[in-house]
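In this note's numbering, the protein residues as written are 275 to 1111.
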RNA sequence: GCGCGAGUGGCGAAACUGGCAGACGCGCUGGACUUAGGAUCCAGUGGGCGAAAGCCCUUGGGGGUUCGACUCCCCCCUCGCGCACCA
């Protein structure tokens, strides 16, 4: 057990107190300064902050403090995503009311964050379960309802049997619940939806205009939205003139290859094309079989396709040929029209099905030479396709669509995979949906003056299913805001992703009480300049928030199109091969690390161990290294305080101009050392600002400290020049390290005699003169292998360098008795002598 | 299956637009100080040969482009992630 650690406990408590007392990180709109809105995804108050959380907040704090020092007015808020199931489950298991459980967790986690010393403006703290918060969400819900952006319908939805609630499509991963991993089932239920599909095109288009986002997140969003262009048209049912089946295809060029058609088993027209009792029975049996499959089984691509041939036939409008009609499990009711024309020649799924059922296959695209595959889906010349023969696929698509349109048989059509966002939750701990049902007026939104519709405190939570609010008579029985008669309240609550879809706007004016946010404040701060959070929300929260922001814009509340300009998706913190989580029992608590090593050390280690986008394996030994480094800095500065501190304080409190040294070094050693200082400034600045490579930024600072110690050790006395250089190095080190380890650097900064906070200093500026070199080492290679080194003047003439290289005595033996074929000179870098025997 | 991304010492990782591979740190080895060291400091640390100078090999594997390849191109292997019957 190490003993001689710097007194981090006292230092951290001291500076947290001072920052709080001086309200150092409280901010206000200030149009005279550039703003920077730095935001980390707010946490769900699950209980304790662990090292997985620390990583995100350390990154956010580093960027916020860095931007402060770069002269920005930085908004850096924190709050709580406070509604959600764990609170309700805790209530069921332990009998604690969700409100108690939630606020106790918030209190504890807030104290943990405060002990981390993050530069939050705590005056802006919010919790989404606060009625003054969700009130505005209810108001927006009503406005969305008026515009048809919120609607209620009965539909087949994803149901999590363990959470006892509906899930949106985005919240199902691999057929399992995103939160509890239970297998999701399907259920027919009434529920509320947000019409995110109305924004599909815009959400997709803006993916191309978010250069600050990681490409993989944008790809995931594009895939999720799943745009496909094609055509829709009717297939007449043979012998039933009043019946037509609408199909959607992305390949209208292949219609001449249609050899059958398929309806989803649930398709409503199935009942109308069925001819007799026996067939009806067969259909019922098939449907039962299909519905027995779980969602996972049904959508797995690698399982055999099951189908049932119906007696009816449908007619291909292009050539009036009747083809057989099937119902099959590989056609989904939820996409397109729930019915397809099947073209086995050019579609892999149809090929597979056709083979199984002995159906004919017509090729309508010329295969390339030597093609041995089955269905052919690439481009080629059209064949067997009537008036389309000889065209390319793209051209044939256009012509076929035109043909349909001109005859009034169909239309060009764009489909999206994205479905509307189901937001009804049959649970208690969420924001009530502000709607009532009246016998006279039907479904009625709550009057604005009656908002918020608050969640009642007294409720029986059993987890047995059904919305718990339904059993709270005082909540359910209400007054119709339209007729004043009795009405019943909606008892579903909203998906908690609704709260997190606008909290970043609320932070701009968190106590504003006449609207969602104060428009001028939002206009000043928004959009978020840097958002930081986990990759797990690539499609969930990040898509919902983008959608909701656009809705607010269209309601006239804000002018911004997109909430987050730049996104940093940090990797997970792994321990023993798994993500840290309570259920896996591999959590390294923030309390443990902070008490043993200090907050600065914990943060430093997480920022140093890996670049932020990569997963980080927690390593108990690695943190010792971070601790050792900070101790080394501490000991060095303390040991030299008296000699360095003297005169270090600027006379008037004005920040000294650090871009010019008090002294221009007179020795080569001094010049080299000062060059190291300024190279470090450049490296650290670039690493933070350009690439988010915090690990290499820290490495550069470590190198500077190593150089500082070497410089000190190699000296033969404290000349004024040496002291000035060391002071420059020490101050630069503290300034550069500040955003990573704020407490220890702030303390040392003050010990050096500076009356003003380190974080009110300007970020160090590179002195170009210090970077200048007079000589460089040039590597000499012979046939690509390093054989020698030359010390030459910077920008020495190529010819001269060539001569020196050829004449170098370490190089000569490798060149002797060989012919020099060529000499490549890369100025200030290397010489490569190419030889031949 | 399709689409991305990644494979570098014992470990975490560096390497700008092709130009000294392995910065920085962990671990390990030896030494100093010490009653002690799990503190601190010094030295060493990719592999092989060698007393040393030095030489040879080395960025998943194979080919290619180039004076020169971790970096660019082609094929293959492994791992991770995403999508996964979306017509």
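Even for Gly, the Cβ is constructed at its ideal location relative to N, Cα and C.
**Message:** Helix, strand or coil for residue 964? Go by DSSP, reduced to three states.
**Reply:** Correct three-state label for residue 964: helix.
**Message:** Quick check: residue 1000 and residue 986, are their CB atoms within less than 8 Å of each other?
**Reply:** Taking 8 Å as the Cβ cut-off, residue 1000 and residue 986 qualify as a contacting pair.
**6 Å CB neighbourhood of residue 488 in its chain, flanking five on each side removed** = Excluding positions up to five away in sequence, the list reads 843.
**Prompt:** Going along the chain, which residues of its own chain have a beta-carbon closer than 6 Å to the beta-carbon of residue 967, five neighbours each way excluded?
**Reply:** In chain order, 885 and 961 place their CB closer than 6 Å to the CB of residue 967, counting only its own chain and leaving out the 5 sequence neighbours on each side.
**Prompt:** From the DSSP output, which residues share a beta bridge with residue 354?
**Reply:** DSSP lists 401 as partners of residue 354.
**Request:** Tell me whether the beta-carbon of residue 773 lies closer than 8 Å to the beta-carbon of residue 355.
**Result:** By the CB criterion at 8 Å, residue 773 and residue 355 fall inside the cutoff.
**Asked** What are the boundary residues of the beta strand (DSSP E) that includes residue 394?
**Response** Neither: residue 394 is in no beta strand (DSSP E) and is coded neither H nor E.
**Request:** Going by DSSP, name the residue or residues bridged to residue 843.
**Result:** The partner list for residue 843 (beta bridge, DSSP) reads 807.
**Request:** Please state whether DSSP places residue 995 in a helix, a strand or coil.
**Result:** Under the three-state reduction of DSSP output, residue 995 falls in the helix class.
**Prompt:** Assuming residue 465 contacts residue 692 under a Cβ cut-off of 8 Å, what Cβ separation, rounded to an integer in Å, is found between them?
**Reply:** Incorrect: roughly 17 Å between the Cβ atoms, too far for contact.
**Same chain, Cβ closer than 6 Å to residue 1103, neighbours up to 5 away in sequence not counted** = Within the same chain, residue 1103 has no close Cβ partners at all.
**Item:** C-alpha gap between residue 992 and residue 852, whole angstroms
**Value:** Cα to Cα, residue 992 sits roughly 53 Å from residue 852.
**Which residues DSSP lists as bridging residue 600, in chain order** = Beta-bridge pairing links residue 600 to 536 and 583.
**Message:** Please classify residue 1065 as buried or exposed, where buried requires at least 16 neighbouring CB atoms within 10 angstroms.
**Reply:** Taking all protein chains in view, the Cβ of residue 1065 is surrounded by fewer than 16 other Cβ atoms within 10 Å, so the residue is classified as exposed.
**Message:** Between the alpha carbons of residue 386 and residue 892, how many angstroms are there, rounded?
**Reply:** Roughly 20 Å between the two C-alpha positions.
**Item:** For residue 345, three-class secondary structure by DSSP
**Value:** Three-state result, residue 345: coil.
**Message:** Taking 8 Å as the cut-off, does the region 505-524 touch the region 677-687 (at least 3 CB pairs, one atom from each stretch)?
**Reply:** In short, these stretches touch, since the Cβ pair count reaches three.
**Request:** Please go through the same chain and pick out, in chain order, the residues whose beta-carbon is closer than 6 Å to the beta-carbon of residue 840, but skip the five residues on each side of it.
**Result:** Excluding positions up to five away in sequence, the list reads 486 and 804.
**Prompt:** Whose C-beta lies closer than 8 Å to the C-beta of residue 363 among residues of the same chain, with five residues either side of it excluded?
**Reply:** Counting only Cβ-Cβ distances below 8 Å, and skipping sequence neighbours, we find 737.
**Item:** Among 463, 498, 469 and 860, nearest to residue 478 - alpha-carbon criterion
**Value:** Among 463, 498, 469 and 860, the Cα nearest to that of residue 478 is on 498.
**Message:** What ranges does the beta strand (DSSP E) occupy inside the region 423-500, keeping only unbroken runs of at least 3 residues that lie completely in it?
**Reply:** Listed in chain order, they are 424-434, 439-441 and 459-468.
**Message:** Since residue 951 and residue 1006 should fall inside the 8 Å C-beta cutoff, what is the C-beta to C-beta distance between them, to a whole number of angstroms?
**Reply:** At roughly 5 Å, the Cβ-Cβ gap stays under 8 Å, so residue 951 and residue 1006 are in contact.
**Message:** To the nearest angstrom, how far is the alpha carbon of residue 779 from that of residue 396?
**Reply:** Residue 779 and residue 396: Cα-Cα distance of roughly 16 Å.
**Prompt:** Counting only runs that start and end within the region 1025-1078, where is the beta strand (DSSP E) found for 3 or more residues in a row?
**Reply:** For the region 1025-1078, whole beta strand (DSSP E) runs of length 3 or above, ordered along the chain, are 1049-1056 and 1059-1067.
**Request:** Check whether the Cβ atoms of residue 423 and residue 472 lie closer than 8 Å to each other.
**Result:** For residue 423 and residue 472, yes; Cβs fall inside 8 Å.
**Item:** Nearest-angstrom beta carbon gap, residue 602 and residue 579 [assumed within contact, 8 Å]
**Value:** Contact holds; Cβ gap of about 6 Å.
**Asked** Taking the C-alpha atoms as reference points, what is the distance between residue 281 and residue 341?
**Response** A direct Cα-to-Cα measurement between residue 281 and residue 341 gives close to 28 Å.
**Prompt:** Do residue 1089 and residue 1056 come within 8 Å of each other at the CB atom, strictly closer than that value?
**Reply:** Yes, these two residues count as a Cβ contact at 8 Å.
**Request:** Taking only the alpha-carbon atoms, compute the straight-line gap between residue 1082 and residue 948 and give it to the nearest angstrom.
**Result:** CA-CA distance, residue 1082 to residue 948, rounds to 31 Å.
**Item:** Residue from 826, 475, 583 and 438 with nearest C-alpha to residue 698
**Value:** Out of 826, 475, 583 and 438, 438 has the C-alpha closest to the C-alpha of residue 698.
**Prompt:** Taking the alpha-carbon positions, what's the residue 743 to residue 766 distance?
**Reply:** Going by the C-alpha atoms only, they are around 7 Å apart.
**Prompt:** According to the neighbour-count rule (16 or more other Cβ atoms, all chains shown, within 10 Å of its Cβ), is residue 799 buried or exposed?
**Reply:** Burial of residue 799 is indicated by the presence of at least 16 other C-beta atoms within 10 angstroms of its C-beta.
**Request:** Would you check if there are 3 or more beta carbon pairs closer than 8 Å linking the region 822-838 to the region 865-879?
**Result:** Counting Cβ pairs under 8 Å, fewer than three are found: no touch.
**Request:** Express the C-alpha separation of residue 813 and residue 907 in angstroms, rounding to a whole number.
**Result:** Taking the straight line from one Cα to the other gives about 43 Å.
**Item:** One or two residues paired with residue 508 in a DSSP bridge
**Value:** Under the DSSP definition of a beta bridge, residue 508 partners with 520.
**Request:** Give the DSSP bridge partners of residue 1088, in chain order.
**Result:** As far as DSSP is concerned, residue 1088 takes part in no beta bridge.
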